[in-house]
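**Student:**
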Amino acid sequence: MTAAGSKRGTALIALGLTKHYGGLVANNDVGMRLTSGEVRGLIGPNGAGKTTFVNLVTGVEVPDAGSVRLGDREITGQEPHLIAEAGLVRSFQMARVFGNLTATENLMIPYFASGAREGAAVGVARARELLRLSALEPLADAPANSLSGGQRMLLQTCAGFMIPHLRVYVLDEPFAGINSVVKDTLIDLIMHENSSRGITFLIVSHEMEIIRRMCPLVTVMIAGRVAAEGTLDEVAAREDVITAYLGRTAA
Amino acid sequence: MMYTTELLIQTVISGLMVGVLYALMALGITFIYSIVKTINWAMGEFYMIGSYIQFVAVHFLLGPNYWWLAVIISTAGTFLAGYIIEPILIKPMYARPMQRRDDYATVVTIALLLLLRSLAVAIGGPNQYRPETNLPIIWLGPLPQEGARVAASFCAVVALGLFWLVIKKTWVGLALRATAQNRVAAQTSGVDVLRLDATAFAIGVAMAGLAGALLAPLFMVFPTNGAVATVKGFEIIVIGGLGSIPGALIGGLLLGLVESLGTSFISSPYQNAYGFLLVILVLIVKPNGLFGEKVREA
Numbered sequence: 000m001t002a003a004g005s006k007r008g009t010a011l012i013a014l015g016l017t018k019h020y021g022g023l024v025a026n027n028d029v030g031m032r033l034t035s036g037e038v039r040g041l042i043g044p045n046g047a048g049k050t051t052f053v054n055l056v057t058g059v060e061v062p063d064a065g066s067v068r069l070g071d072r073e074i075t076g077q078e079p080h081l082i083a084e085a086g087l088v089r090s091f092q093m094a095r096v097f098g099n100l101t102a103t104e105n106l107m108i109p110y111f112a113s114g115a116r117e118g119a120a121v122g123v124a125r126a127r128e129l130l131r132l133s134a135l136e137p138l139a140d141a142p143a144n145s146l147s148g149g150q151r152m153l154l155q156t157c158a159g160f161m162i163p164h165l166r167v168y169v170l171d172e173p174f175a176g177i178n179s180v181v182k183d184t185l186i187d188l189i190m191h192e193n194s195s196r197g198i199t200f201l202i203v204s205h206e207m208e209i210i211r212r213m214c215p216l217v218t219v220m221i222a223g224r225v226a227a228e229g230t231l232d233e234v235a236a237r238e239d240v241i242t243a244y245l246g247r248t249a250a
Numbered sequence: 000m001m002y003t004t005e006l007l008i009q010t011v012i013s014g015l016m017v018g019v020l021y022a023l024m025a026l027g028i029t030f031i032y033s034i035v036k037t038i039n040w041a042m043g044e045f046y047m048i049g050s051y052i053q054f055v056a057v058h059f060l061l062g063p064n065y066w067w068l069a070v071i072i073s074t075a076g077t078f079l080a081g082y083i084i085e086p087i088l089i090k091p092m093y094a095r096p097m098q099r100r101d102d103y104a105t106v107v108t109i110a111l112l113l114l115l116r117s118l119a120v121a122i123g124g125p126n127q128y129r130p131e132t133n134l135p136i137i138w139l140g141p142l143p144q145e146g147a148r149v150a151a152s153f154c155a156v157v158a159l160g161l162f163w164l165v166i167k168k169t170w171v172g173l174a175l176r177a178t179a180q181n182r183v184a185a186q187t188s189g190v191d192v193l194r195l196d197a198t199a200f201a202i203g204v205a206m207a208g209l210a211g212a213l214l215a216p217l218f219m220v221f222p223t224n225g226a227v228a229t230v231k232g233f234e235i236i237v238i239g240g241l242g243s244i245p246g247a248l249i250g251g252l253l254l255g256l257v258e259s260l261g262t263s264f265i266s267s268p269y270q271n272a273y274g275f276l277l278v279i280l281v282l283i284v285k286p287n288g289l290f291g292e293k294v295r296e297a
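Given below as structure tokens:
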């Protein structure tokens, strides 16, 4: 394994992303640059356009304008499965697992789909390791619909780690609605994959304490634009950020 | 009709034997629906294609001794036809945004049905053909059975077994099971669902083609011979529940049994009516079918 951040290149760069839904401008000229191996937080009040941004970057939706590059590869508007193959994957707010398949089978799908060449045995071993790290090992052969909500979120997150050449992982509200034990397991899992494989993370979350623990830098979105970038304490001190979170009358 | 134990056993056996072939037909319909979310109304025409390929292969190329090779060729031929047709006709439904997918799929597959039937008439005329068979009568205990019928059921069971292996043990099978459950999630996991659609469509129609090839010596080869197969297939879908694989298998066996028992012990001219009685009964008791879980949206 290469040490994280031994070479601080650019993992992902988004420029001028814009998306309209009818008259609503969900994303207006949004740009972001992620350094290889960093864990970035993306915060902002509800309706700020965070999920739209994630959708545009990961190919779930096609931007009206702007571009996305993964490393030196242009991925703007490509099919999600091609973007995943290139090494950029995402998780969803609502855990999307295949309930009728076992936990292990759930993990084998992205592994095979990404065109893994190492064979099934390597994939199964990798799946076992991830299930162990997520404390899901006893449930490896249980159907995924027997898992709790938090366990499903762990499983969904692990699914992304199964892609052998994963470079950037976008997690959309991974900590929402799960208990604190599972939260800690998930944080440890993310930090483990970050340090052992040098994977770059973009984490969308409202959980400020976790963001403070995990993310040296955060980006704040307000009303479809990037409003601020810096450490959590820096951005939290800004007038416009406080106003956006608390509302004008309360401030 | 006199009741005897022998007659009952023979009736049950022949019912199950034809039921396996019905199940094959229904499985093809249900399998395509579960992946592509489309009902293929031209299913019987792929049965027809299978039967024509079987006839041509046996009559002109291989001879009756190599009927099994002809069956493999017919199945592969219908698979290929499905694999070529799906990207042209069905894929546009997903490749660009479409308002009324179900309507589109219905119109397009019915158009395909008419096209394929007309092609069969244009090429082979309205005549009936029958591939030669030299399979001997097979005695199951004291009970005689037509050789071609036993061979057809046996091959159908083998095909169902192969299907099960592919679904349970291969990577494509895993991807198919995942896609059947959640298309979008499969896509974001990196599965190329549009290509998988073509594979699923081809596997589904190949089942119909296989049934057509196997039944060609028994039920003849002619342009509309798929119509009966389609009707049976959809009867089973109603009985078993749309999208349910066990439903297709058990529904197929059940329909075969009911028809066979009714024909033997009640009256033979009403063979097709017994199936519809079963359909009505199931609709009264379980409107979503024996294994159907949810009502289809919109």
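Line by line, the protein sequences are chains L and U.
Note that numbering that gives the first Met the number 0 has the first sequence beginning at 0, numbered continuously upward.
Note that numbering that gives the first Met the number 0 has the second sequence beginning at 0, numbered continuously upward.
For each residue, glycine too, the CB sits at the ideal point set by N, CA and C.
1) When the Cα atoms are used, what is the spatial distance from Ile74 of chain L to Ala215 of chain U?
2) With a threshold of 6 angstroms on Cβ separation, who are the neighbours of Val55 of chain U within its own chain once the five nearest residues in sequence on each side are excluded?
3) Can you pull the DSSP bridge partners for Trp170 of chain U?
4) Pick out whichever of U:Val19, U:Glu258, U:Ser259, U:Val190 has its Cα sitting closest to the Cα of Met206 of chain U.
5) Run the CB neighbour count on Thr218 of chain L, radius 10 Å, all protein chains shown included, and call it buried at 16 or more, exposed below.
6) Look up Thr242 of chain L in the DSSP assignment and say whether it is helix, strand or coil.
7) Applying a beta-carbon distance threshold of less than 9 angstroms, which residues of chain U neighbour Glu60 of chain L?
8) When DSSP labels each residue in this structure, what does His19 of chain L get in the three-state scheme?
9) Measure from the alpha carbon of Ile34 of chain U to the alpha carbon of each residue in U:Phe200, U:Gly225, U:Met24, U:Ser50, then state which is nearest.
10) Any chance you could list the alpha helix (DSSP H) runs of at least 4 consecutive residues sitting entirely within the stretch 137-196 of chain L, in chain order?
11) When the cut-off is 8 angstroms and only beta carbons count, does Met190 of chain L lie next to chain U?
12) How should Lys167 of chain U be labelled, buried or exposed, when 16 other C-beta atoms within 10 angstroms of its C-beta is the threshold for buried?
13) Answer with yes or no whether the minimum CB distance from Trp170 of chain U to chain L is below 8 angstroms.
14) Find the residues of chain U that neighbour Pro79 of chain L, judging by a C-beta separation of less than 7 angstroms, and give them in chain order.
15) Chain U partners of Met107 of chain L, CB-CB under 7 angstroms?
16) Check whether the stretch 217-230 of chain U touches the stretch 42-53 of chain U, counting contact only when three or more Cβ pairs, one atom from each stretch, lie closer than 8 angstroms.
17) Please report the distance separating the alpha-carbon of Val17 of chain U from that of Ala69 of chain U.
18) Under 8 angstroms, do Ala115 of chain L and His80 of chain L count as touching if we go by C-beta distance?
19) Using C-beta distances below 7 angstroms, list every residue in its chain close to Ile82 of chain L, excluding the 5 sequence neighbours before and after it, in chain order.
20) For Thr77 of chain U, collect the residues of the same chain with a Cβ closer than 6 angstroms to its Cβ; drop the 5 residues on either side in sequence, then sort them by chain order.
21) Just mark Lys18 of chain L as buried or exposed, buried being the case when its beta carbon has 16 or more other beta carbons within 10 Å.
22) With a cut-off of 8 angstroms on the beta carbons, I'd call Thr103 of chain L and Ala139 of chain L a contact; round off their distance for me.
23) Between U:Ile202, U:Pro125, U:Arg148, which lies nearest to Pro222 of chain U when the distance is taken from Cα to Cα?
24) When you compare the stretch 141-154 of chain L with the stretch 42-62 of chain L, are there three or more beta-carbon pairs, one atom per stretch, that lie closer than 8 angstroms?
25) Kindly list the residues whose CB is nearer than 6 angstroms to the CB of Ala319 of chain L, restricted to its own chain and excluding five residues on each side of it in sequence; keep chain order.
26) In whole angstroms, what separates the C-alpha of Gly98 of chain L from that of Leu175 of chain U?
27) Do you know offhand how far Leu193 of chain U's Cα is from Gly159 of chain L's?
28) Starting from Asn139 of chain U and walking both ways along the alpha helix (DSSP H), at which residues does that stretch end?
**Tutor:** Reading off the structure:
1) If you number the first sequence from 1, residue 74 of chain L lands on position 75. If you number the second sequence from 1, residue 215 of chain U lands on position 216. The alpha-carbon atoms of Ile74 of chain L and Ala215 of chain U are separated by roughly 52 angstroms.
2) Looking up residue 55 of chain U in the second sequence gives position 56. The answer is none, since no qualifying residue turns up.
3) Locating residue 170 of chain U in the second sequence gives position 171, where the first residue counts as 1. DSSP output for Trp170 of chain U lists no bridge partner at all.
4) Here residue 206 of chain U refers to the residue found at position 207 of the second sequence. For Met206 of chain U, the nearest C-alpha among the options comes from U:Val19.
5) Taking the first sequence and counting its residues from 1, one reaches residue 218 of chain L at position 219. When all chains shown are included, Thr218 of chain L counts as buried.
6) Reading the first sequence from its first residue, position 243 is the one you call residue 242 of chain L. Correct three-state label for Thr242 of chain L: helix.
7) Walking along the first sequence from the start, residue 60 of chain L turns up at place 61. What Glu60 of chain L touches in chain U: nothing, since even the nearest Cβ is about 12 angstroms away.
8) Within the first sequence, residue 19 of chain L is the residue found at index 20, counting from 1. Strand.
9) As a first step, residue 34 of chain U is located in the second sequence; it is residue number 35 there, counting from the start. When each option's Cα is compared against that of Ile34 of chain U, the closest is U:Phe200.
10) 148-160, 179-196
11) Within the first sequence, the letter at position 191 stands for residue 190 of chain L. By this cut-off, Met190 of chain L is not an interface position.
12) Residue 167 of chain U sits at position 168 when you count from the first residue of the second sequence. Exposed.
13) Position 171 of the second sequence, counting from 1, holds the residue named residue 170 of chain U. Yes, because at least one Cβ of chain L sits closer than 8 angstroms to the Cβ of Trp170 of chain U.
14) The residue you call residue 79 of chain L lines up with position 80 of the first sequence. The contacting residues are Gln186, Thr187.
15) The residue given as residue 107 of chain L occupies position 108 in the first sequence. Near Met107 of chain L (Cβ distances below 7 angstroms), the residues of chain U are Leu173.
16) yes
17) On the second sequence, position 18 is the one that residue 17 of chain U refers to. On the second sequence, position 70 is the one that residue 69 of chain U refers to. Roughly 20 angstroms separates the two Cα atoms.
18) For the purposes of this step, residue 115 of chain L is taken as residue 116 along the first sequence, with counting starting at 1. For the purposes of this step, residue 80 of chain L is taken as residue 81 along the first sequence, with counting starting at 1. Not closer than 8 angstroms, so no.
19) Here residue 82 of chain L refers to the residue found at position 83 of the first sequence. Closer than 7 angstroms at the Cβ level, and outside the excluded window around Ile82 of chain L, lie Thr57, Gly58, Ile74.
20) One-based indexing of the second sequence puts residue 77 of chain U at position 78. The answer, listed in chain order, is Phe45, Ile48, Gly49, Val204, Ala205, Gly208.
21) Here residue 18 of chain L refers to the residue found at position 19 when the first sequence is read from its first residue. Buried, because 16 or more other Cβ atoms sit within 10 Å of the Cβ of Lys18 of chain L.
22) Taking the first residue of the first sequence as position 1, residue 103 of chain L is located at position 104. Taking the first residue of the first sequence as position 1, residue 139 of chain L is located at position 140. Yes, they are in contact, since the Cβ atoms of Thr103 of chain L and Ala139 of chain L sit about 5 angstroms apart, within 8 angstroms.
23) Reading the second sequence from its first residue, position 223 is the one you call residue 222 of chain U. Of U:Ile202, U:Pro125, U:Arg148, the residue nearest in Cα terms is U:Pro125.
24) no
25) In the structure as shown, chain L starts at 0 and stops at 250, and residue 319 of chain L therefore has no counterpart that could be examined.
26) Locating residue 98 of chain L in the first sequence gives position 99, where the first residue counts as 1. Locating residue 175 of chain U in the second sequence gives position 176, where the first residue counts as 1. Those two C-alpha atoms are separated by around 14 angstroms.
27) Translated into the one-based positions of the second sequence, residue 193 of chain U becomes position 194. Translated into the one-based positions of the first sequence, residue 159 of chain L becomes position 160. Computed Cα separation, rounded: 21 angstroms.
28) If you number the second sequence from 1, residue 139 of chain U lands on position 140. Reading off the sequence, residue 139 of chain U comes out as Leu, not Asn. Run containing Leu139 of chain U: none in the alpha helix (DSSP H); it sits in the beta strand (DSSP E), 137-139.
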